[in-house]
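Working notes, structure below.
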Amino acid sequence: MSNTLFADSPAKGLVCRNCDATYDLIAQHACWQCFGPLEVDYDQAELAKVTREQIEAGPQNIWRYAPLLPVGVHPEDRVSLNPGLTPLIDAKNLAKALGMRKLWVKDDSANPTHSFKDRVVSTAVSAAIKLGFDRFACASTGNLANSVAAHAARAGVPSIVFIPHDLEPGKIVQSAIYGGKLVAVQGSYDDVNRLCSELTETDDFETTAFVNVNIRPYYAEGSKTLGYEVAEQLGWRLPEQVVVPMASGELLTKIHKAFEESAEIGLTEPGKVRVFGAQSAGCSPIADAYAEGTDVITPVKPTGIAKSLNIGDPAAGPYAIEACRSTGGGMAKVTDDEIREGVRLLAATTGVFAETAGGVVVATLRKLLESGQLDPEAETVIYNTGEGLKTLDAVSSLVGPTHTVKPSLKAAKEAGLLES
Numbered sequence: 001m002s003n004t005l006f007a008d009s010p011a012k013g014l015v016c017r018n019c020d021a022t023y024d025l026i027a028q029h030a031c032w033q034c035f036g037p038l039e040v041d042y043d044q045a046e047l048a049k050v051t052r053e054q055i056e057a058g059p060q061n062i063w064r065y066a067p068l069l070p071v072g073v074h075p076e077d078r079v080s081l082n083p084g085l086t087p088l089i090d091a092k093n094l095a096k097a098l099g100m101r102k103l104w105v106k107d108d109s110a111n112p113t114h115s116f117k118d119r120v121v122s123t124a125v126s127a128a129i130k131l132g133f134d135r136f137a138c139a140s141t142g143n144l145a146n147s148v149a150a151h152a153a154r155a156g157v158p159s160i161v162f163i164p165h166d167l168e169p170g171k172i173v174q175s176a177i178y179g180g181k182l183v184a185v186q187g188s189y190d191d192v193n194r195l196c197s198e199l200t201e202t203d204d205f206e207t208t209a210f211v212n213v214n215i216r217p218y219y220a221e222g223s224k225t226l227g228y229e230v231a232e233q234l235g236w237r238l239p240e241q242v243v244v245p246m247a248s249g250e251l252l253t254k255i256h257k258a259f260e261e262s263a264e265i266g267l268t269e270p271g272k273v274r275v276f277g278a279q280s281a282g283c284s285p286i287a288d289a290y291a292e293g294t295d296v297i298t299p300v301k302p303t304g305i306a307k308s309l310n311i312g313d314p315a316a317g318p319y320a321i322e323a324c325r326s327t328g329g330g331m332a333k334v335t336d337d338e339i340r341e342g343v344r345l346l347a348a349t350t351g352v353f354a355e356t357a358g359g360v361v362v363a364t365l366r367k368l369l370e371s372g373q374l375d376p377e378a379e380t381v382i383y384n385t386g387e388g389l390k391t392l393d394a395v396s397s398l399v400g401p402t403h404t405v406k407p408s409l410k411a412a413k414e415a416g417l418l419e420s
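So for the sequence shown, the UniProt record's numbering puts the first residue at 1; every next one is plus one.
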């Protein structure tokens with residue numbers, strides 16, 4: 001397996017984030033020299049050739065950005081549900097409620113399996129097929145398992161996904177319905193991830209692509225499309241501030257990377273986007289390290305309702321902290337009650353029903369505004385990464401019928417329903 005498998009791709013290899021050691025485009029996620037994480041390294045001259053017009057003429061999904069990704073330049077090489085071009089909603093009512101001038105919600109619940117994970121899985125499994133794998137797998141807090149199982153079903157490839165045993169029922173059902181193997185592990189996500197890392201070293205899993213383990217560099221690049229897309233939807237300009245939910249921290253770092261690349265290669269005007277990270281107080285190792293002024297992450301045992309963000313030992317935590325500090329951004333954590341109120345406020349002001357991760361973002365937005373860290377006059381984009389129907393248990397006790405009446409005008413009148 002070598003770079004020849006990725007002909008015409010702008011990717012030239014893999015590079016270590018820590019020591020800058022370089023490798024071919026192979027199935028590897030950790031540096032052999034320092035054990036640091038690997039990411040895709042691009043030929044900047046090739047990226048600079050990409051134009052707005054070229055992108056706008058592309059398909060109505062993430063593959064319009066294929067010239068900026070490691071895979072997918074040729075349509076026949078794509079293994080995909082074709083996610084992307086999700087709504088960027090002008091959140092006027094939410095902005096007014098929070099005292100902000102201009103606020104947008106990037107709603108990735110509109111993707112095929114109703115989360116942003118369709119973006120990263122599409123890039124990962126497209127790379128996996130190129131690299132010779134014949135089964136798709138993952139360690140997941142729910143949304144990723146949904147997407148991997150769905151992509152495998154579409155491609156006619158076997159799948160095996162691993163989840164914590166106590167996931168939300170909606171995510172368990174959605175993963176199982178696609179017909180692949182679903183393994184519930186008695187432990188946290190970090191236990192699941194550890195098991196999957198061990199399985200990749202066994203002969204029985206030699207040809208299994210764990211999208212967020214052995215082919216993680218390709219997987220992570222799919223998140224960049226959330227940065228490119230926002231820039232394009234804003235008329236090829238960068239927002240001034242963004243608030244992004246954090247689990248491993250990788251989503252935030254890749255959105256930041258996309259904004260930087262967009263400016264560097266001339267798709268947008270130069271500018272710095274202030275990046276803010278959002279975590280649940282039940283699992284906030286990145287936000288805690290940020291508050292303590294360090295980039296050393298102390299692992300925690302996750303609790304709380306925002307299960308999709310419950311990664312107690314986040315691999316990209318230090319890089320998320322670096323992105324926030326270097327842009328003049330920040331981080332905050334919020335309680336379960338604040339998360340529930342965030343879900344409800346977003347729904348009541350925008351018509352977007354977010355899963356708990358979206359509630360984390362809205363609650364963090366409010367907290368950052370109240371603390372003065374986030375500028376209410378600056379144009380801001382917040383990211384909703386998943387669908388609220390997946391996490392009904394978190395808010396079902398808070399809402400229900402406002403009235404219960406008999407089927408008659410008299411009953412409706414007595415209940416006050418005929419009053420203006």
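Built from N, CA and C at the ideal position, the CB exists for glycine as well.
Query                                                                                                                               : Result
Starting from Y189, trace the alpha helix (DSSP H) both ways and give me its first and last residue.                                : 189–199
State the start and end residues of the unbroken beta strand (DSSP E) segment that holds L14.                                       : 11–16
What separation, rounded to the nearest whole angstrom, lies between the Cα atoms of P401 and E419?                                 : 18 Å
Based on Cα-Cα distance, which residue from S248, H256, R17, G249 lies nearest to E240?                                             : H256
Which residues bound the beta strand (DSSP E) around L226?                                                                          : Here L226 belongs to no beta strand (DSSP E); instead the alpha helix (DSSP H) covers 225–233.
Is the beta carbon of V192 less than 9 Å from the beta carbon of S140?                                                              : yes
Consult DSSP for S371 and reduce its assignment to one of helix, strand or coil.                                                    : coil
In whole angstroms, what is the alpha-carbon distance linking M1 and P302?                                                          : For M1, the predicted structure reports a pLDDT of 41, less than 50, and the residue's modelled location is therefore unreliable. A value from the coordinates is still provided. Cα-Cα distance, rounded: 38 Å.
Report buried or exposed for W104, applying the criterion of at least 16 other Cβ atoms within 10 angstroms of its Cβ.              : buried
With three or more beta-carbon pairs closer than 8 Å as the criterion, would you say the region 255–270 touches the region 283–291? : no
Within the chosen definition, does the region 314–322 reach the region 288–303 through at least 3 CB pairs nearer than 8 Å?         : yes
Taking DSSP as the reference, what is the three-state secondary structure of T404?                                                  : coil
Identify the residues that DSSP records as bridge partners of R274: which are they?                                                 : Q241
Which residue from N384, L365, G386 puts its Cα closest to that of P376?                                                            : L365
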